[in-house]
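Let me begin by presenting the structure, written as structure tokens, before commenting on it.
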Amino acid sequence: MHNISLNMPPMVQTFNPEDLFTRRCIWVNGPVIVGAGPSGLAVAACLKEQGVPFIVLERANCIASLWQNRTYDRLKLHLPKQFCQLPNFPFPLDFPEYPTKFQFIKYLESYASYFSITPQFNETVQSAKYDETFGLWRVKTIRKSHSGNSFNEFEYICRWLVVATGENAEKVVPEFEGLEEFGGHVMHACDYKSGKSYNGQKVLVVGCGNSGMEVSLDLCNHHAKPLMVVRSSVHVLPREVFGKSIFELAVKLMKHFPLKVVDKILLILARLILGNVEKHGLKRPKEGPLELKNSAGKTPVLDIGALKKVRSGKIKVVPGIKKFTEGKVELVDGRVLQIDSVILATGYRSNVPSWLKENEFFSNDGIPRNPFPNGWKGSAGLYAVGFTRRGLSGASLDAISVSHDIAKSWKEETKQKKKAVASHHRRCMSHF
13 MHNISLNMPP MVQTFNPEDL FTRRCIWVNG PVIVGAGPSG LAVAACLKEQ GVPFIVLERA
73 NCIASLWQNR TYDRLKLHLP KQFCQLPNFP FPLDFPEYPT KFQFIKYLES YASYFSITPQ
133 FNETVQSAKY DETFGLWRVK TIRKSHSGNS FNEFEYICRW LVVATGENAE KVVPEFEGLE
193 EFGGHVMHAC DYKSGKSYNG QKVLVVGCGN SGMEVSLDLC NHHAKPLMVV RSSVHVLPRE
253 VFGKSIFELA VKLMKHFPLK VVDKILLILA RLILGNVEKH GLKRPKEGPL ELKNSAGKTP
313 VLDIGALKKV RSGKIKVVPG IKKFTEGKVE LVDGRVLQID SVILATGYRS NVPSWLKENE
373 FFSNDGIPRN PFPNGWKGSA GLYAVGFTRR GLSGASLDAI SVSHDIAKSW KEETKQKKKA
433 VASHHRRCMS HF
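Each residue of the sequence shown is one higher than the one before, starting from 13 at the first, in the numbering used here.
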């Protein structure tokens, strides 16, 4: 049996039934956490506070790989920092209200260091399946060597499995007719860093969510000519109202009014501050922004300057795509436009269905079937953190709930084991 360094407290990590194990098997006397993003770090820290041992498996070579490797340079948190901090660790006082991407990464690294969280990096979970015979989870992984030239297979055996891979594990790349024939530069927004190399280019940005809007704004600021594809309706709200976060305002209003009333208030404020966005091609959905977020997980766009560029015509809004040809795009309204590059701001998805061999707790799209706030606990020791569609604050609430629930079971089982060992010793002593 192979030994690895588990996070404290140190516990006996031996497990004997030979028929349960393969050659590269590891018994974990606590939960296995899959994912070392903010969600995985949060639940690990909460477990550490409860004194429960665990291991964190991460396919990348760093924590928070989405933030470190797959976000653009100008990114800032869209919500004030007090709504984005993880459990038991506030942001530094000298951080601005909306920390930059790099400040947030620094915060997460400090978080991991403070709680002594040391993930097993470069280890990809291939499958996780519950073994009903033994009442344990079997988590099979492939670990890349330090040199990167070889791979080793491992199997972790545990009582509890925490899925913390999040809603944004894999990029979504739609299929478009003729895209292979386009011939120009095509990339997903996860690979976009800045607009420096697009000076003077006509760039088609596919998608009008927060990423699409912000990439278009960044392209404008680097003297490119973005055309933003808006295929469906979208809620655009001001990030702040009278100097205060609109999210903070919504949270306060929800304490006193029903959701639909709060939605109406937000839309009235948006109209007063932003004007009529529909005349610029940004049609609003029938459902209010909060209602749509709750029902479909669709996040409203918080404007940080892109709308001003849309009004001025520096960001041109265009309808859906019919097909691509060499150096051109044909739109659904019949127009054919010459373009140089394409950036797909088409979002992300969960990858849970590809490796978790279970179909009751998670839906086919990799999101817990039970809506917030009851989507954190499955059966047989299965948990989820960071799938609430409520950002970092939702992930923190999940982490607290999960850690308390696991700690309760773990402490009870540990107590029973100690009693069993003590009873065995007493029986042995009685023979003398």
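The beta carbon of each residue, even a glycine, is placed where N, CA and C say it ideally should be.
Inset, instruction - Report the residue from Val40, Glu121, Val198 whose alpha carbon sits nearest the alpha carbon of Ser353. - result: Val198
Legend entry - Test item: CB-CB of Ala445 and Leu120 under 8 Å: Nothing in the structure corresponds to residue 445, since the chain is present only between 13 and 444.
Inset, instruction - Grab the span of the alpha helix (DSSP H) containing Ala124 for me, first residue to last. - result: 113-126
Legend entry - C-alpha gap between Val258 and Pro250, whole angstroms: The identity of residue 258 in the sequence shown is Ile, whereas the question assumes Val. Using only the alpha carbons, I get a separation of about 7 Å.
Legend entry - Leu53 classed as buried or exposed, judged by whether at least 16 other C-beta atoms fall within 10 angstroms: buried
Legend entry - Ile316 - DSSP class collapsed to helix/strand/coil: coil
Inset, instruction - Tell me, please, which residues DSSP counts as bridged to Ser391. - result: Answer is none; Ser391 lacks a bridge partner.
Legend entry - Residues of its chain near Leu261, where Cβ-Cβ distance is below 7 Å and the 5 sequence neighbours each way are ignored: Val253
Legend entry - Sequence-distant residues of its chain with Cβ nearer than 6 Å to Gly390 (five each side left out): Phe373
Legend entry - 6 Å Cβ shell around Ser405 - same chain, five flanking residues per side excluded: Phe95
Inset, instruction - Consult DSSP for Arg251 and reduce its assignment to one of helix, strand or coil. - result: coil
Legend entry - Continuous alpha helix (DSSP H) assignments of at least 4 residues falling wholly in the region 250-335: 258-266, 271-286, 301-308, 318-324
Legend entry - alpha helix (DSSP H) segment containing Glu226, residue limits: 222-233
Inset, instruction - Kindly confirm or deny that the region 187-198 and the region 411-418 touch, where touching means at least three C-beta pairs closer than 8 Å. - result: no
Inset, instruction - Tell whether a beta-carbon distance below 8 Å holds between Tyr84 and Asp230. - result: yes
Inset, instruction - Please determine, among Cys58, Ile67, His200, Glu61, the residue with the shortest C-alpha to C-alpha distance to Gly42. - result: Ile67
Inset, instruction - Spatial neighbours of Lys430 within its chain, please: CB distance less than 8 Å, with the 5 preceding and 5 following residues excluded, ordered by chain position. - result: none
Legend entry - Neighbourhood of Ala236 by C-beta, 6 Å cutoff - its chain only, sequence neighbours within 5 removed: Gly207, Tyr210, Gln213, Val215
Legend entry - Cβ separation of Asn364 and Leu343, assumed to be a contact under 8 Å, to the nearest whole Å: It is Val, not Asn, that sits at residue 364 in the sequence shown. Going by Cβ atoms, the distance from Val364 to Leu343 rounds to 35 Å, so no, they are not a contact pair.
Legend entry - Whole-angstrom distance between Leu78 and Gly160, CA atom to CA atom: 21 Å
Inset, instruction - Take the Cβ of Asn222 as the centre, count every other Cβ of all protein chains shown within 10 Å, and call the residue buried at 16 or more, exposed below. - result: buried
Legend entry - DSSP state of Thr34 mapped onto helix, strand, coil: Since pLDDT at Thr34 reaches only 44, below the 50 mark, its modelled position is unreliable, and the value read off the structure follows with that caveat. In this structure, Thr34 counts as coil in the three-state DSSP scheme.
Inset, instruction - List the DSSP bridge partners of Arg155. - result: Glu135, Asn164
Legend entry - Cβ-based neighbour list, Leu349, same chain, cut-off 6 Å, excluding 5 preceding and 5 following: Val341
Legend entry - Ala181 versus Tyr360 - alpha carbon distance: 7 Å
Inset, instruction - Pair every Cβ in the region 384-401 with every Cβ in the region 133-150, then say whether three or more of these pairs are closer than 8 Å. - result: yes
Inset, instruction - Note down the Cα distance separating Gln97 from Gly332, rounded to an integer number of angstroms. - result: 38 Å
Inset, instruction - Pick out whichever of Leu173, Glu299, Gln62, Val46 has its Cα sitting closest to the Cα of Gln132. - result: Val46
Inset, instruction - Count the other CB atoms, across all protein chains shown, that sit within 10 Å of the CB of Lys427; report buried if there are 16 or more and exposed otherwise. - result: exposed
Inset, instruction - Could you tell me the boundaries of the alpha helix (DSSP H) in which Pro50 lies? - result: 50-62
Inset, instruction - Figure out for me which residue from Lys276, Ala176, Ile117 has the closest Cα to the Cα of His247. - result: Lys276
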